[in-house]
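Student: Mind looking over this structure? Questions follow.
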């Protein structure tokens, strides 16, 4: 995939990059407000989620349960700040509500809960479970002949879960070409580098062996992300896996590729520095 | 006892009812994890292949996909063995079926040591504890064909998740076809005045046999079938205990955290103080063998139930003195 797609208007990409910056700013702000939450894996997937919510997904914030809408399942549910930010900025909830993250009575639970918040299609938070549910959602669409696509975002550490491979096998069996699994390959999980904790490479060949179509991209190249997501939408008889190489904490220099920022909240000073960097457009 | 032998185990009764219901109710689908020839879910699959999903030997993946489809508004039936559905798939049932209150109906075969012959790995002897603990989960355990047929209809008709425990082998018919059953209801399998034996599933039948043994001694035991294990029929329990004043809970399950614990807790919370005993696995695993001999070895057979009944009746008399 290349960032120089001649079909891709420059304005479209620049606009999505601006949305990604807004999402990053809201991620840092809400985790700061909660003094709890996961910055690293939210920031690494911000460009992907921006492309989905501001371009790719056929959704309508005014009709969150619209028939035929595309589905998005955040299987790496701990990265919900990225999802909550995208939903707020897209108009599903007031942006001010983001500061209630993880508070009692908030719709913004520590991990996403489907019935609480419009725009959330599945309850997630236990790794592998979102992917497993996405298979059921794609099966439902196949069975009824609905034409929408089910997207799910996984972490690379999540691939350690056996359930992921149960889901991968069943998606291929049922030829779920309406299912797109995006792997946020930031190579960091809670305890260290994913390649050390549990080596899962070659991830591409594993999915290919499970009879999936695999697309590899640089996960912070907006043009590449959009091109891959558009290509994944075409029906090929196989489910599609997009392996997006990313940097954990992307956009905030002191968080980038740092294990400790998997689940740590920024101080007042760190938040100010992070927001300044994001506004400066480093991402 | 004069009960008629059952021609089919409850797992087969459910599968037959599911096949029958599939024609009129075109909404629900069935998920299976490669034991369709044991749960008999293949009957539905053969008739309605587009509504039948065999997910392979992968109970967790099966339950997660079932949750995903149910999240789309589709009622989903999941068939399998209780030991796997209640443990390997437990987290998916808890967090992704019960938490969002989805319409997933779990038909769980080989409950208790009704699968004695298969050994401990295939005996679901903690399933009622796991499933009954989950918020919003309804737990039903039929004992015969009439109650199993009703359990299928009740499960499909209920709003929210339901777990139905089934038996491996046929036992006896207790209720005439067409008997009314309801979620939260109970059935008076035998009326008596000296002791209440509360039971569910196969243990209703063992308790009826115990009541027949007691009858020869002039003891009139009441057998209260709490087929709706959760929620259970509090009014019926209260009424029965007000007449008998003694309680034995007989279950094919660990005594810890099963129906017995729930009833004991209810009694204490409601000021109902009666002599109480529990029949079930006493913090131990069972073993391979025949169903009746396994019940006998682990103190769950009719004569053990009868002995427990005599004991609580004895305590009642002492406390009345």
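Protein chains in written order, with our numbering: chain A, 661 to 943; chain B, 5 to 325.
Yeah, the Cβ is synthetic: ideal placement off N, Cα and C, and Gly gets one too.
By Cβ distance, which residues of its chain are closer than 7 Å to residue 295 of chain B, with the 5 residues on each side in sequence left out?
Tutor: Hits under 7 Å: 117, 118, 120, 173.
Student: So who's on the other strand from residue 705 of chain A, going by DSSP bridges?
Tutor: Residue 705 of chain A is not bridged to any residue.
Student: List the whole-angstrom C-beta distance separating residue 906 of chain A from residue 923 of chain A, where the pair is believed to meet the contact cut-off of C-beta under 8 Å.
Tutor: That belief does not hold up - the Cβ atoms of residue 906 of chain A and residue 923 of chain A are roughly 17 Å apart, past 8 Å.
Student: Is the Cβ of residue 795 of chain A closer than 8 Å to any Cβ of chain B?
Tutor: By this cut-off, residue 795 of chain A is an interface position.
Student: Got a sec: which bits of the region 42–76 of chain B sit with their beta carbon under 7 Å from any beta carbon on chain A, in order along the chain?
Tutor: Answer set for the region 42–76 of chain B: 54, 57, 59, 60, 62, 64, 65, 68, 69, 70, 71, 72, 73, 75, 76.
Student: Measuring straight from C-alpha to C-alpha, what distance separates residue 91 of chain B and residue 131 of chain B?
Tutor: When rounded, the distance between both Cα atoms is 8 Å.
Student: Measuring CA to CA, which of B/26, B/155, B/265 is closest to residue 142 of chain B?
Tutor: It is B/155 whose Cα lies nearest to the Cα of residue 142 of chain B.
Student: Within this structure, are the beta carbons of residue 730 of chain A and residue 718 of chain A separated by less than 8 Å?
Tutor: Contact flag set, yes.
Student: Find the nearest neighbour of residue 303 of chain B within the set B/270, B/265, B/253, B/140, judged by alpha-carbon distance.
Tutor: The shortest Cα separation from residue 303 of chain B among B/270, B/265, B/253, B/140 belongs to B/253.
Student: Name the chain B residues that come within less than 9 Å of residue 830 of chain A, Cβ to Cβ?
Tutor: Here the neighbours are 57, 59, 60, 62, 65, 66, 69.
Student: Is residue 765 of chain A close to chain B, meaning its C-beta is less than 8 Å from at least one C-beta of that chain?
Tutor: No, its Cβ sits nowhere closer than 8 Å to a Cβ of chain B.
Student: With 8 Å as the threshold, decide whether the Cβ of residue 720 of chain A is near any Cβ in chain B.
Tutor: Chain B contact via Cβ: absent.
Student: Measuring CB atoms only, is the region 176–191 of chain B touching the region 144–151 of chain B, in the sense that at least three cross pairs come out at less than 8 Å?
Tutor: Yes, since at least three Cβ pairs between the region 176–191 of chain B and the region 144–151 of chain B fall closer than 8 Å, the two stretches touch.
Student: From this set, B/161, B/188, B/245, which residue's C-alpha is nearest residue 196 of chain B's C-alpha?
Tutor: For residue 196 of chain B, the nearest C-alpha among the options comes from B/245.
Student: Does residue 837 of chain A have its Cβ less than 8 Å from a Cβ in chain B?
Tutor: Not one chain B Cβ lies under 8 Å of residue 837 of chain A.
Student: Count the C-beta pairs between the region 248–263 of chain B and the region 226–237 of chain B that are closer than 8 Å, then say yes if the count reaches three, no if not.
Tutor: In short, these stretches touch, since the Cβ pair count reaches three.
Student: Since I believe residue 857 of chain A is in contact with residue 876 of chain A (beta carbons under 8 Å), could you give me their beta-carbon distance rounded to a whole number of angstroms?
Tutor: Incorrect: roughly 21 Å between the Cβ atoms, too far for contact.
Student: Nearest chain A C-beta to residue 103 of chain B closer than 8 Å, yes or no?
Tutor: True, the Cβ-Cβ gap to chain A drops below 8 Å.
Student: Going by beta-carbon coordinates alone, are residue 814 of chain A and residue 735 of chain A separated by less than 8 Å?
Tutor: For residue 814 of chain A and residue 735 of chain A, yes; Cβs fall inside 8 Å.
Student: Take the Cβ of residue 325 of chain B as the centre, count every other Cβ of all protein chains shown within 10 Å, and call the residue buried at 16 or more, exposed below.
Tutor: Residue placement at residue 325 of chain B is flagged as unreliable, the pLDDT there being 47, under the threshold of 50; the coordinate-derived value follows with that caveat. Exposed, since its Cβ has fewer than 16 Cβ neighbours within 10 Å.
Student: Are the C-beta of residue 774 of chain A and some C-beta of chain B separated by less than 8 Å?
Tutor: Yes, because at least one Cβ of chain B sits closer than 8 Å to the Cβ of residue 774 of chain A.
Student: Using the three-state DSSP reduction, which class does residue 844 of chain A fall into: helix, strand or coil?
Tutor: Correct three-state label for residue 844 of chain A: strand.
Student: For residue 249 of chain B, I'd like the list of residues in its chain whose CB is within less than 7 Å of its CB, leaving aside the five on either flank, ordered along the chain.
Tutor: Correct list, in chain order: 278, 320.
Student: Below 8 Å, can you find three or more Cβ-Cβ pairs linking the region 802–812 of chain A to the region 751–769 of chain A?
Tutor: No, the region 802–812 of chain A does not touch the region 751–769 of chain A.
Student: With a Cβ-Cβ cutoff of 8 Å, do residue 72 of chain B and residue 796 of chain A count as a contact?
Tutor: A contact, by the Cβ cut-off of 8 Å.
Student: Output yes or no for whether 8 Å exceeds the beta carbon distance between residue 898 of chain A and residue 832 of chain A.
Tutor: Cβ distance < 8 Å, so residue 898 of chain A and residue 832 of chain A count as in contact.
Student: Quick one: list the residues of chain B neighbouring residue 786 of chain A, beta-carbon separation under 9 Å, in chain order.
Tutor: Near residue 786 of chain A (Cβ distances below 9 Å), the residues of chain B are 95, 96, 99, 100.
Student: Quick check: the Cα distance between residue 825 of chain A and residue 838 of chain A, rounded to an integer number of angstroms?
Tutor: Distance between the alpha carbons of residue 825 of chain A and residue 838 of chain A: 18 Å.
Student: Can you name the residues of chain A whose CB is closer than 7 Å to the CB of residue 78 of chain B?
Tutor: The answer, in chain order, is 800.
Student: If we define contact as Cβ-Cβ less than 8 Å, is residue 782 of chain A a contact residue for chain B?
Tutor: Output row for residue 782 of chain A: interface = yes.
Student: Sort B/243, B/114, B/160 by Cα distance to residue 87 of chain B and report the nearest one.
Tutor: The option with the nearest alpha carbon to residue 87 of chain B is B/114.
Student: Going along the chain, which residues of its own chain have a beta-carbon closer than 8 Å to the beta-carbon of residue 724 of chain A, five neighbours each way excluded?
Tutor: So the qualifying residues of the chain are 752, 778, 779.
Student: Take every Cβ of the region 36–45 of chain B, pair it with every Cβ of the region 94–103 of chain B, and state whether three or more of those distances are shorter than 8 Å.
Tutor: No: fewer than three Cβ pairs fall under 8 Å.
Student: Give me, in chain order, the residues of the same chain whose beta-carbon lies closer than 6 Å to that of residue 792 of chain A; leave out the 5 immediate sequence neighbours on both sides.
Tutor: Cβ neighbours of residue 792 of chain A beyond the five flanking positions: 823, 827.
Student: Does the CB of residue 827 of chain A have a neighbour CB from chain B at under 8 Å?
Tutor: Interface residue, yes.
Student: For residue 56 of chain B, does the count of other Cβ atoms within 10 angstroms reach 16, so buried, or fall short, so exposed?
Tutor: Buried: at least 16 other Cβ atoms inside 10 Å.
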